[in-house]
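Visitor: Got a structure for you, questions after.
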Amino acid sequence: MASTLRLYLTCIRNTLEAAMCLQNFPCQEVERHNKPEVELKTSPELLLNPVLICRNEAEKCLIETSINSLRISLKVKQADELENILAKKFLRFLSMRAEAFQVLRRKPVQGYDISFLITNYHCEELQKQKLIDFIVQFMEDIDKEISELKMSVSTRGRLVATEFLKQF
Amino acid sequence: MMAGAEKFVEADNAEAIITRIEHKSRKIESLLKQNKPVEALKTALEGSSHMIRDERCKSANWIVVHRALMAIKDVEGMFSSLDPEYYDILMKYLYRGLSTGDRPTCDQCLRIHEKLTERAGLGCILRSLADTLFFHDSYFQIRVAVTWVIWSPIWLFYLG
């Protein structure tokens, strides 16, 4: 179980290292505009093949690259209904504060839980290796966070139920 | 117009390619029975660089490659006998396997992907990402060839 997680993260790390080759590219259609080509998808020659890396039926990662931007969409593991709700709320909390993260996208791509958009400007200001480390660390920490949240919810529920039923 | 003519020729070729794939799958089954998974994988990967366009050929070949990939138990041993010319094609098929979402396929593909990246490097990954249909389009290739033909004598003259 842990070994497939390690392999999954290694695969994503290698793919990101290869795919994160971004350069500035002003918009071809409109003068003086500079847009992330992966979002607009207007010119096929500026896009690379999107890559979908699945660990199993529930977890997957979509990496789409273009000449000046890279979009990473993640779907995290959600074993039951409670984890579903916790993941949705937690990731929505993070997405709403996307400015603080800089590389986060405010809305996840359709079919996924959270998305990152990395542009050439981010690669110029921030280090490429550190960006990749951040994303891989994020994926590891998300699973831990959701398990912790689930455990705290069940602990709190148990305490509340014990206190309430003491009176009977 | 050129692309249309190519598609017409490709349709005839597709039938020939699918027949070839069926022959390959019989050969691969016999190789797997003889316990030679690496030869089976080599047979499966041969000739796949020509079928960039037709979706049916790609799917048919994927089934055959998938069969050979799942039969491999010793990944290190496989790489010691696989020629480097197959690395790029293998990487493309690994990504196709990873996109299926089927747990045993993904486990096997992730295992092979790690070792293949160690062997072939990041360039292999980038070549599989960059191999889009746009760069195989005949119109694009004619433009590239014409540009090269026009400009190379000028540069050679300039460089003396």
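From first to last, the protein sequence lines are chains A and B. Anchor point for the first sequence: position 116 equals 699 in our numbering, and the numbering is continuous, going up by one each time. Anchor point for the second sequence: position 103 equals 104 in our numbering, and the numbering is continuous, going up by one each time. Every residue gets a Cβ at the ideal spot worked out from N, C-alpha and C, and that includes glycine.
1. Any contact between the stretch 631 to 649 of chain A and the stretch 92 to 109 of chain B? By contact I mean 3 or more CB pairs, one from each, below 8 Å.
2. Can you have a look at M679 (chain A) and say buried or exposed, based on whether 16 or more other CB atoms are within 10 angstroms of its CB?
3. Give me the chain A residues within the contact set of A131 (chain B), using Cβ-Cβ distance strictly less than 8 Å, ordered along the chain.
4. Given that a residue counts as buried once 16 or more other Cβ atoms are within 10 Å of its Cβ, and exposed if not, what is S81 (chain B)?
5. By the DSSP assignment, the beta strand (DSSP E) with T598 (chain A) in it spans what residues?
6. My output table needs one value for E640 (chain A): the three-state DSSP class, helix, strand or coil.
7. Output the residue ranges of the alpha helix (DSSP H) runs that lie fully inside the stretch 10 to 87 of chain B and measure 4 residues or longer, sorted by chain position.
8. Find the nearest neighbour of L635 (chain A) within the set A:K618, A:K624, A:R739, A:R654, judged by alpha-carbon distance.
9. Once DSSP output is grouped into helix, strand and coil, what is the label at T118 (chain B)?
10. Find the residues of chain B that neighbour E600 (chain A), judging by a C-beta separation of less than 7 Å, and give them in chain order.
11. Which value, in whole angstroms, describes the spacing of the CA atoms of N597 (chain A) and K116 (chain B)?
12. Give a yes or no on contact between the stretch 67 to 82 of chain B and the stretch 21 to 40 of chain B, applying the rule of three or more CB pairs nearer than 8 Å.
13. What residues in its chain sit with their C-beta under 7 Å from that of E600 (chain A), if we drop five residues either side in the sequence?
14. Note down, in chain order, every chain A residue with its Cβ under 9 Å from the Cβ of I151 (chain B).
15. Does any residue of chain B have a CB that is nearer than 8 Å to the CB of Y704 (chain A)?
16. Taking CB distances under 8 Å as the criterion, tell me whether Y94 (chain B) reaches chain A.
Guide: Well, looking at it:
1. yes
2. exposed
3. L631, N632
4. exposed
5. Here T598 (chain A) belongs to no beta strand (DSSP E); instead the alpha helix (DSSP H) covers 585 to 602.
6. coil
7. 38 to 46, 56 to 71, 76 to 82
8. A:R654
9. helix
10. L123
11. 11 Å
12. yes
13. I715
14. Chain A residues near I151 (chain B): none, gap ~20 Å exceeds 9 Å.
15. no
16. no
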